[in-house]
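Numbering (the working numbering), first residue to last: 652 to 954.
Just so you know, even glycine gets a beta-carbon here, dropped at the ideal spot from N, CA and C.
First up is the structure itself, then whatever we jot down about it.
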């Protein structure tokens, strides 16, 4: 057995039914969620490529081989798609079913590809080993109660935005970190540091200065201070809302469910358009900049 620690977990047994009933499917869904919760508590499973294939939007295969056309169009895939579509029509929009519809195809595609389990590229193997070590260190830091881990505020923000902090939700604890690893394509701390490093590069700074200069002095002349009309503000607001409503469900809908992703898009849009919150945020940032530049010393923060 590839993962011996999975033996003691009880996978929901199959049952023969003559007719699909909502109560049966609801119990089945809860049992699968409980199984996934226990599965994500196992470190060796969290580090495996099989779990990454399960959570990914596409099958993880060696880099030197491109996916062949129609490789996921086998009989098993067609049967799975028909069953998943039927359950969606019967139950409505459940976040877990959204996840399983795509994840099932990934597992089937990874299983039918023989080279998914035999990686010959030593560079890829080394990179996977480093990534696995970083992921395990981040998971351990998340569970350390004595220290405040770097990723804890990010996980809390993710849970709050997508309303995943409810008591009956299966995505919690280590599972949140694993899902964020998949969404970001790497460990959270590495992605944050890479993003901060790219923002501080010379090319990025020059681009920011050029954008500010072009915004304030277009063509070398000071921009006229023209107040936007109500229709222009409404148009900008509508366009921004449509962008968020399309982008967030497309990025995270397969993991958290389209319903939660759509709610997160509305919530983020309302937060970003709250004038009082924006004012408070700008003053807080200005406060921190002044504190860093001029220092507070032993006197602490001045309010």
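Check: Would you identify the three-state DSSP class for residue 758, choosing helix, strand or coil?; Outcome: Here the model assigns residue 758 a pLDDT of 46, short of 50, so the residue's position is not dependable and the matter cannot be decided.
Check: Do residue 922 and residue 928 count as a contact pair if the criterion is CB distance below 8 angstroms?; Outcome: yes
Check: On a Cα-Cα basis, can you pick out the residue from 687, 693, 663 that is closest to residue 679?; Outcome: 663
Check: Between 698, 657, 654, 659, which lies nearest to residue 830 when the distance is taken from Cα to Cα?; Outcome: 698
Check: For residue 911, which of helix, strand or coil comes out of DSSP?; Outcome: helix
Check: Can at least three beta-carbon pairs, one atom from the segment 895-915 and one from the segment 869-884, be found at a separation below 8 angstroms?; Outcome: no
Check: Just confirm the distance between the C-beta atoms of residue 916 and residue 896, as a whole number of angstroms; I'd bet it's less than 8 angstroms.; Outcome: 5 angstroms
Check: Is DSSP giving residue 859 helix, strand or coil here?; Outcome: helix
Check: Go through its chain and collect everything with a Cβ distance to residue 867's Cβ below 8 angstroms, but skip five positions before and after it.; Outcome: 873, 874
Check: Going by C-alpha distance, which of 683, 913, 693, 682 is nearest residue 655?; Outcome: 693
Check: What three-state label does DSSP hand residue 929 in the structure shown?; Outcome: helix
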